[in-house]
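Since the structure comes first, as structure tokens, the remarks are kept for the end.
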Amino acid sequence: MNDDRHDCKPNIARLAAAILIVALCAAAPLHATAFTPEQRRAIVEQADALPRLYSLLVLHEGEPVIEHVRTGPDLDSPASLKSLSKTILSALAGIAIERGIVEGPDQPLVELLGDRVPRAVDPQVGEITLGHALALQTGLRSTSGRYYGAWVQSENWVAHALTRPMVDEPGGEMIYSTGSTHLAGAALVEASGSSLLKLARDWLGEPLDLRIPDWMRDPQGIHFGGNQMRMSPRALARFGEAYRLGGTVDGKRVVPESWIEASWTPRGRSPWSNDLYGYGWFIDRLSGVKAYYGRGYGGQALFVVPDAALTIVVISDPSPPSYGGYFDRIKRLAASIVETAG
Numbered sequence: 001m002n003d004d005r006h007d008c009k010p011n012i013a014r015l016a017a018a019i020l021i022v023a024l025c026a027a028a029p030l031h032a033t034a035f036t037p038e039q040r041r042a043i044v045e046q047a048d049a050l051p052r053l054y055s056l057l058v059l060h061e062g063e064p065v066i067e068h069v070r071t072g073p074d075l076d077s078p079a080s081l082k083s084l085s086k087t088i089l090s091a092l093a094g095i096a097i098e099r100g101i102v103e104g105p106d107q108p109l110v111e112l113l114g115d116r117v118p119r120a121v122d123p124q125v126g127e128i129t130l131g132h133a134l135a136l137q138t139g140l141r142s143t144s145g146r147y148y149g150a151w152v153q154s155e156n157w158v159a160h161a162l163t164r165p166m167v168d169e170p171g172g173e174m175i176y177s178t179g180s181t182h183l184a185g186a187a188l189v190e191a192s193g194s195s196l197l198k199l200a201r202d203w204l205g206e207p208l209d210l211r212i213p214d215w216m217r218d219p220q221g222i223h224f225g226g227n228q229m230r231m232s233p234r235a236l237a238r239f240g241e242a243y244r245l246g247g248t249v250d251g252k253r254v255v256p257e258s259w260i261e262a263s264w265t266p267r268g269r270s271p272w273s274n275d276l277y278g279y280g281w282f283i284d285r286l287s288g289v290k291a292y293y294g295r296g297y298g299g300q301a302l303f304v305v306p307d308a309a310l311t312i313v314v315i316s317d318p319s320p321p322s323y324g325g326y327f328d329r330i331k332r333l334a335a336s337i338v339e340t341a342g
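Using full-length UniProt numbering, the first residue of the sequence shown is number 1, and each one after it goes up by one.
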């Protein structure tokens, strides 16, 4: 009788070795092969050509593939986000809606602000909704740019913003104005009975394990809604990951998935970059891939590119002056990263 048990021993050994190789390959982290050393060097060189750059942090599939600090705060130290704070504020609004503190983005702003609304406002102010404020479509004249100084030196930032002349219909063209997002922040304070700092720490800081330092307040004690927040690059990247993953991180629901979809739905278009804008997020394509980003004065940026499994943080010198075209260079850097990941 033929007995092939001895002939099977080499085959079993080969099979075991093959299984081991497959297991090791499956266990190998994706970030180990996502970017070659040469590709990383090329991206860092492109980043270092940005004259205002402090740091660059790139996560692919949730793992850091580039951690570069040229100068300024390290990746664990809070940095000024400037108007990138508008993106964080939008998340707080979405969570407030989910918790029933706010009815929804269509709730009138004056209803939420209550006694903070001065008597001498244009009747059209009553048509402005929370969503209009988050999408920068209030119709009120801007408080940014050449109007910024007068606004922040006023005795009441909410009243000043609400009494600006109406220059468009509520829900019309995008008018970049930090006064609009400050109104949204004040509305959340009134509706919740808590400060924006407490909301940010309770709703984002605690579940995401983020450090959120205190930041600037207006004369009435309301934290600046849409400016001057500070977070470390790593904390900002973790926030971005929450959006990339549909609002859930480590099994915890942080931001409603429906709100992410709503925030990434175009509401208006930037008159300067021509990029679309939702609730606190710009929308564009980088190397042909849809990307969502928040940005702040001086070159602060958070890019979330779900189809490329990327979250990109760029921190730059926030001090003036900030020259035109600098953010275009940041976007080109982000596009190079998307192309490399693809």
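Even for Gly, the Cβ is constructed at its ideal location relative to N, Cα and C.
- Taking the Cα of P37 as reference, the smallest distance to any Cα among L204, S55, I66, L56 is reached at I66.
- For Q46, same chain residues with a beta-carbon under 7 Å away, outside a window of 5 residues either side, are L333, S336 in chain order.
- The criterion of a C-beta distance shorter than 8 Å is satisfied by R141 and R164.
- Taken atom to atom, the span from the alpha-carbon of L50 to that of A120 is near 47 Å.
- For R230, same chain residues with a beta-carbon under 7 Å away, outside a window of 5 residues either side, are P78, A79, S80, L81, P213, W215 in chain order.
- Inside the region 45–90, DSSP marks whole beta strand (DSSP E) runs of 3 or more residues at positions 53–60, 63–69, 79–82, from first to last along the chain.
- The beta carbons of L89 and G193 sit no closer together than 8 Å.
- Closest in alpha carbon position to H68, among S85, I43, T87, G62, is I43.
- Going by DSSP, V289 is part of no alpha helix (DSSP H) but of the beta strand (DSSP E) stretching over 289–296.
- Annotated three-state conformation of F303 is strand, per DSSP.
- The C-beta separation of W157 from H182 comes to about 6 Å, placing the pair in contact by the 8 Å criterion.
- Counted as a single uninterrupted DSSP element, the alpha helix (DSSP H) harbouring R329 occupies residues 326–341.
- Looking at the DSSP output, T138 bridges to nothing.
- Boundaries of the beta strand (DSSP E) harbouring V313: 310–316, taken from the DSSP string.
- Taking C-beta atoms as the reference points, R234 and L57 count as a pair closer than 8 Å.
- With respect to S195, H223 sits close: the two C-beta atoms are nearer than 8 Å.
- When the Cα atoms are used, L162 and P64 turn out to be separated by approximately 43 Å.
- When only Cα atoms are considered, S322 and R41 end up about 27 Å apart.
- C-alpha of P123 to C-alpha of L197: approximately 32 Å in a straight line.
- At the C-beta level, S316 and D76 stay beyond 8 Å of one another.
- Note: G94 is not bridge-paired with any residue in the DSSP secondary-structure output.
- Taking 4 residues as the minimum length, the alpha helix (DSSP H) runs contained wholly in the region 160–230 are 178–192, 196–200, in order along the chain.
- Secondary structure of G268 (DSSP, three-state): strand.
- Judged by their CB atoms, A133 and A200 are not nearer to each other than the 8 Å cut-off.
- R52 places its beta carbon less than 8 Å from that of G299.
- Going by beta carbons, G268 and M174 fall inside the 8 Å limit.
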